[in-house]
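Residue numbers (this note's numbering): 5 to 248. Just so you know, even glycine gets a beta-carbon here, dropped at the ideal spot from N, CA and C. A quick note: this is a predicted structure, and the numbers were derived from the prediction, not measured. Here the structure comes first, spelled out in C-alpha coordinates, and everything after it is commentary.
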(Lines of atoms letter the chains of each structure in order from A and count residues from 1; the text may use other names and numbers.)
(Lines give C-alpha, C1' and ligand atoms only; values in the text may rest on other atoms or scores of the structure.)
Protein backbone atom coordinates (compact mmCIF):
# COMPACT_ATOMS: atom_id res chain seq x y z
CA UNK A 1 0.00 0.00 0.00
CA UNK A 2 1.09 3.58 -0.65
CA UNK A 3 2.30 5.32 2.49
CA UNK A 4 0.43 8.48 3.51
CA UNK A 5 2.28 11.76 2.94
CA UNK A 6 1.56 14.34 5.60
CA UNK A 7 2.61 17.99 5.88
CA UNK A 8 3.10 19.22 9.47
CA UNK A 9 3.59 22.96 9.96
CA UNK A 10 5.47 24.16 13.01
CA UNK A 11 7.01 20.71 13.24
CA UNK A 12 10.31 21.54 14.90
CA UNK A 13 9.17 21.74 18.53
CA UNK A 14 6.43 20.97 21.03
CA UNK A 15 3.20 19.50 19.70
CA UNK A 16 4.44 19.66 16.10
CA UNK A 17 7.59 17.66 16.84
CA UNK A 18 5.65 15.09 18.87
CA UNK A 19 3.18 14.79 16.00
CA UNK A 20 5.96 14.15 13.50
CA UNK A 21 7.41 11.39 15.67
CA UNK A 22 4.00 9.80 16.23
CA UNK A 23 3.02 9.90 12.57
CA UNK A 24 6.35 8.38 11.55
CA UNK A 25 5.70 5.51 13.95
CA UNK A 26 2.25 5.14 12.36
CA UNK A 27 3.70 4.82 8.86
CA UNK A 28 3.49 8.35 7.46
CA UNK A 29 6.13 10.02 5.33
CA UNK A 30 6.47 13.64 6.35
CA UNK A 31 7.22 17.17 5.27
CA UNK A 32 8.18 19.19 8.33
CA UNK A 33 7.67 22.93 8.01
CA UNK A 34 9.48 25.34 10.32
CA UNK A 35 10.20 29.06 10.45
CA UNK A 36 13.14 29.53 12.86
CA UNK A 37 14.56 26.48 14.61
CA UNK A 38 16.57 24.82 11.84
CA UNK A 39 18.65 22.63 14.15
CA UNK A 40 15.58 21.46 16.04
CA UNK A 41 13.82 20.69 12.75
CA UNK A 42 16.73 18.59 11.54
CA UNK A 43 16.84 16.77 14.88
CA UNK A 44 13.17 15.83 14.58
CA UNK A 45 13.72 14.81 10.95
CA UNK A 46 16.51 12.45 12.04
CA UNK A 47 14.20 10.84 14.57
CA UNK A 48 11.53 10.45 11.90
CA UNK A 49 13.98 8.80 9.51
CA UNK A 50 15.25 6.50 12.24
CA UNK A 51 11.65 5.33 12.63
CA UNK A 52 11.72 4.25 8.97
CA UNK A 53 9.87 7.18 7.42
CA UNK A 54 10.95 9.61 4.75
CA UNK A 55 11.14 13.22 5.87
CA UNK A 56 11.81 16.56 4.19
CA UNK A 57 12.32 19.79 6.14
CA UNK A 58 11.17 23.05 4.57
CA UNK A 59 11.94 26.50 5.94
CA UNK A 60 9.11 28.97 5.44
CA UNK A 61 6.45 31.18 6.93
CA UNK A 62 2.92 29.82 6.62
CA UNK A 63 1.52 33.35 6.41
CA UNK A 64 3.39 33.83 3.10
CA UNK A 65 1.63 32.31 0.11
CA UNK A 66 4.82 31.53 -1.81
CA UNK A 67 6.26 29.69 1.20
CA UNK A 68 3.11 27.59 1.51
CA UNK A 69 3.28 26.73 -2.17
CA UNK A 70 6.90 25.63 -1.78
CA UNK A 71 5.99 23.48 1.24
CA UNK A 72 3.50 21.52 -0.84
CA UNK A 73 5.69 21.42 -3.93
CA UNK A 74 8.48 19.78 -1.94
CA UNK A 75 6.03 17.21 -0.64
CA UNK A 76 4.57 16.43 -4.04
CA UNK A 77 7.84 16.28 -5.98
CA UNK A 78 9.91 14.37 -3.42
CA UNK A 79 7.40 12.21 -1.55
CA UNK A 80 4.18 12.06 -3.56
CA UNK A 81 0.63 13.41 -3.40
CA UNK A 82 -0.21 14.97 -0.05
CA UNK A 83 -2.81 12.96 1.83
CA UNK A 84 -2.66 14.74 5.20
CA UNK A 85 -2.11 18.22 6.60
CA UNK A 86 -1.58 19.22 10.22
CA UNK A 87 -2.00 22.97 10.65
CA UNK A 88 0.05 23.35 13.82
CA UNK A 89 2.13 26.52 13.31
CA UNK A 90 1.00 29.24 15.73
CA UNK A 91 2.26 32.14 17.82
CA UNK A 92 0.89 33.95 20.87
CA UNK A 93 3.12 36.95 21.52
CA UNK A 94 3.82 38.01 25.13
CA UNK A 95 1.20 37.38 27.79
CA UNK A 96 -0.87 40.44 28.68
CA UNK A 97 -4.09 42.38 28.35
CA UNK A 98 -5.35 43.32 24.91
CA UNK A 99 -5.07 47.03 25.80
CA UNK A 100 -1.33 46.56 26.29
CA UNK A 101 -0.68 44.46 23.17
CA UNK A 102 1.07 46.12 20.26
CA UNK A 103 -0.45 46.27 16.80
CA UNK A 104 2.57 44.38 15.42
CA UNK A 105 1.89 41.48 17.77
CA UNK A 106 -1.81 41.46 16.89
CA UNK A 107 -1.06 41.36 13.16
CA UNK A 108 1.53 38.60 13.55
CA UNK A 109 -0.81 36.42 15.61
CA UNK A 110 -3.61 36.83 13.07
CA UNK A 111 -1.25 36.30 10.12
CA UNK A 112 0.23 33.05 11.41
CA UNK A 113 -2.65 31.49 13.32
CA UNK A 114 -5.47 32.35 10.94
CA UNK A 115 -4.06 33.42 7.58
CA UNK A 116 -1.43 30.69 7.67
CA UNK A 117 -4.05 28.06 8.43
CA UNK A 118 -6.27 29.39 5.65
CA UNK A 119 -3.46 29.39 3.08
CA UNK A 120 -2.33 25.87 3.94
CA UNK A 121 -5.90 24.57 4.01
CA UNK A 122 -6.67 26.18 0.66
CA UNK A 123 -3.59 24.63 -0.90
CA UNK A 124 -4.50 21.23 0.49
CA UNK A 125 -8.10 21.58 -0.71
CA UNK A 126 -6.90 22.23 -4.23
CA UNK A 127 -4.96 18.98 -4.48
CA UNK A 128 -6.31 16.46 -1.96
CA UNK A 129 -8.44 13.63 -3.27
CA UNK A 130 -10.78 11.17 -1.57
CA UNK A 131 -9.26 9.88 1.66
CA UNK A 132 -7.38 13.09 2.40
CA UNK A 133 -7.53 14.61 5.88
CA UNK A 134 -6.76 17.97 7.46
CA UNK A 135 -6.28 18.42 11.21
CA UNK A 136 -6.16 21.94 12.59
CA UNK A 137 -4.52 22.53 15.96
CA UNK A 138 -6.91 24.87 17.75
CA UNK A 139 -6.92 25.62 21.49
CA UNK A 140 -9.14 25.43 24.52
CA UNK A 141 -8.62 29.20 24.58
CA UNK A 142 -11.11 29.44 21.70
CA UNK A 143 -13.96 28.89 24.15
CA UNK A 144 -12.36 30.17 27.37
CA UNK A 145 -11.30 33.51 25.90
CA UNK A 146 -8.06 33.71 27.95
CA UNK A 147 -8.69 37.15 29.50
CA UNK A 148 -5.61 38.90 30.78
CA UNK A 149 -3.34 36.56 28.82
CA UNK A 150 -4.01 36.56 25.07
CA UNK A 151 -7.56 37.20 23.96
CA UNK A 152 -6.19 37.93 20.47
CA UNK A 153 -4.77 34.40 20.29
CA UNK A 154 -8.06 32.97 21.56
CA UNK A 155 -9.92 34.88 18.86
CA UNK A 156 -7.78 33.38 16.10
CA UNK A 157 -8.34 29.88 17.46
CA UNK A 158 -12.10 30.44 17.55
CA UNK A 159 -11.81 31.36 13.88
CA UNK A 160 -9.90 28.12 13.27
CA UNK A 161 -12.79 26.20 14.83
CA UNK A 162 -15.23 27.94 12.47
CA UNK A 163 -12.95 27.13 9.53
CA UNK A 164 -12.88 23.49 10.60
CA UNK A 165 -16.66 23.17 10.62
CA UNK A 166 -17.20 25.05 7.38
CA UNK A 167 -14.42 23.42 5.39
CA UNK A 168 -15.50 19.97 6.57
CA UNK A 169 -18.90 20.59 5.02
CA UNK A 170 -17.34 22.02 1.86
CA UNK A 171 -14.90 19.15 1.28
CA UNK A 172 -17.04 16.32 2.60
CA UNK A 173 -18.57 15.51 -0.81
CA UNK A 174 -15.00 15.12 -2.15
CA UNK A 175 -14.18 12.55 0.52
CA UNK A 176 -11.76 14.88 2.36
CA UNK A 177 -12.16 15.12 6.12
CA UNK A 178 -11.41 18.24 8.22
CA UNK A 179 -11.17 18.16 12.00
CA UNK A 180 -9.44 20.02 14.82
CA UNK A 181 -7.78 19.20 18.11
CA UNK A 182 -8.19 21.79 20.88
CA UNK A 183 -5.45 21.30 23.48
CA UNK A 184 -5.62 22.77 26.94
CA UNK A 185 -2.51 23.80 28.82
CA UNK A 186 0.36 21.66 27.53
CA UNK A 187 3.91 21.54 28.86
CA UNK A 188 5.90 22.87 25.87
CA UNK A 189 8.42 25.61 25.13
CA UNK A 190 5.64 28.01 24.15
CA UNK A 191 5.16 29.18 27.74
CA UNK A 192 8.76 30.35 28.01
CA UNK A 193 8.37 32.23 24.74
CA UNK A 194 5.36 34.01 26.24
CA UNK A 195 7.52 35.08 29.16
CA UNK A 196 6.20 32.62 31.78
CA UNK A 197 8.14 29.31 31.68
CA UNK A 198 6.36 27.88 34.75
CA UNK A 199 2.86 28.71 33.51
CA UNK A 200 1.87 25.15 32.50
CA UNK A 201 2.53 23.69 35.93
CA UNK A 202 1.15 26.70 37.78
CA UNK A 203 -2.14 26.38 35.92
CA UNK A 204 -2.48 22.68 36.73
CA UNK A 205 -4.63 23.46 39.78
CA UNK A 206 -7.36 24.76 37.46
CA UNK A 207 -7.38 21.56 35.38
CA UNK A 208 -9.67 18.76 36.60
CA UNK A 209 -6.93 16.18 35.97
CA UNK A 210 -4.58 18.41 38.01
CA UNK A 211 -1.69 18.40 35.56
CA UNK A 212 -0.67 19.93 32.25
CA UNK A 213 -0.90 17.83 29.13
CA UNK A 214 2.04 16.32 27.31
CA UNK A 215 2.75 17.02 23.67
CA UNK A 216 2.59 13.29 22.96
CA UNK A 217 -1.00 13.19 24.22
CA UNK A 218 -2.04 15.85 21.72
CA UNK A 219 -0.11 14.08 18.97
CA UNK A 220 -2.05 10.89 19.68
CA UNK A 221 -5.35 12.69 19.09
CA UNK A 222 -4.05 14.22 15.87
CA UNK A 223 -2.82 10.83 14.66
CA UNK A 224 -6.23 9.28 15.33
CA UNK A 225 -8.04 11.98 13.37
CA UNK A 226 -5.73 11.36 10.41
CA UNK A 227 -6.17 7.59 10.60
CA UNK A 228 -8.71 5.32 8.90
CA UNK A 229 -10.19 4.70 12.36
CA UNK A 230 -11.65 8.23 12.17
CA UNK A 231 -13.06 7.69 8.68
CA UNK A 232 -16.55 8.89 9.68
CA UNK A 233 -15.34 11.85 11.72
CA UNK A 234 -15.33 15.27 10.11
CA UNK A 235 -16.17 18.76 11.32
CA UNK A 236 -15.25 17.79 14.88
CA UNK A 237 -13.28 19.90 17.35
CA UNK A 238 -11.80 17.35 19.75
CA UNK A 239 -10.95 18.90 23.09
CA UNK A 240 -7.88 17.38 24.72
CA UNK A 241 -7.63 19.58 27.78
CA UNK A 242 -7.75 17.48 30.92
CA UNK A 243 -11.38 18.40 31.51
CA UNK A 244 -10.94 22.20 31.37
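Contacts around residue i, its chain only, beta-carbon distance under 8 Å, and the 5 residues preceding and following it disregarded
i	result
residue 228	234
residue 193	17 and 18
residue 149	155 and 158
residue 55	25, 28 and 29
residue 125	89, 91, 138, 140, 167, 171 and 182
residue 225	185, 242 and 244
DSSP beta-bridge partners of residue i
i	result
residue 187	244
residue 11	35 and 89
residue 141	185
residue 61	36
Same chain only: Cβ atoms within 6 Å of residue i, ignoring 5 sequence neighbours per side
i	result
residue 136	87 and 180
residue 82	60
residue 211	246 and 248
residue 10	27, 32, 34 and 88
residue 14	20, 92 and 93
residue 127	72 and 76
residue 84	9
residue 240	183
residue 189	204, 207 and 216
Rounded straight-line distance, which links the Cα of residue j to that of residue i
i	j	result
residue 44	residue 23	14 Å
residue 247	residue 115	30 Å
residue 197	residue 41	13 Å
residue 201	residue 134	42 Å
residue 32	residue 223	13 Å
residue 36	residue 106	30 Å
residue 187	residue 242	8 Å
residue 120	residue 173	20 Å
residue 151	residue 7	43 Å
residue 207	residue 72	35 Å
residue 51	residue 21	10 Å
residue 80	residue 143	29 Å
residue 38	residue 217	23 Å
residue 68	residue 123	8 Å
residue 66	residue 209	35 Å
residue 204	residue 165	23 Å
residue 231	residue 104	42 Å
residue 97	residue 110	8 Å
residue 178	residue 169	15 Å
residue 102	residue 145	14 Å
residue 215	residue 99	21 Å
residue 95	residue 236	31 Å
residue 132	residue 12	15 Å
residue 267	residue 221	The first residue shown for the chain is 5 and the last is 248, placing residue 267 beyond what the model contains.
Contacts around residue i, its chain only, beta-carbon distance under 7 Å, and the 5 residues preceding and following it disregarded
i	result
residue 213	246 and 247
residue 175	129 and 182
residue 160	113, 114, 117 and 118
residue 238	172, 176, 181, 182 and 183
residue 46	61
residue 74	62 and 64
residue 57	28, 32, 33 and 34
residue 49	36, 59 and 61
Query raised in the report: If you scan the region 69-136 from start to end, which runs of the beta strand (DSSP E) of 3 or more residues do you find wholly inside it?
Result: 88-91
Report task. Would you mind listing the beta strand (DSSP E) stretches within the region 165-234 that are 3+ residues and don't spill past its ends, in chain order? Result -> 181-187
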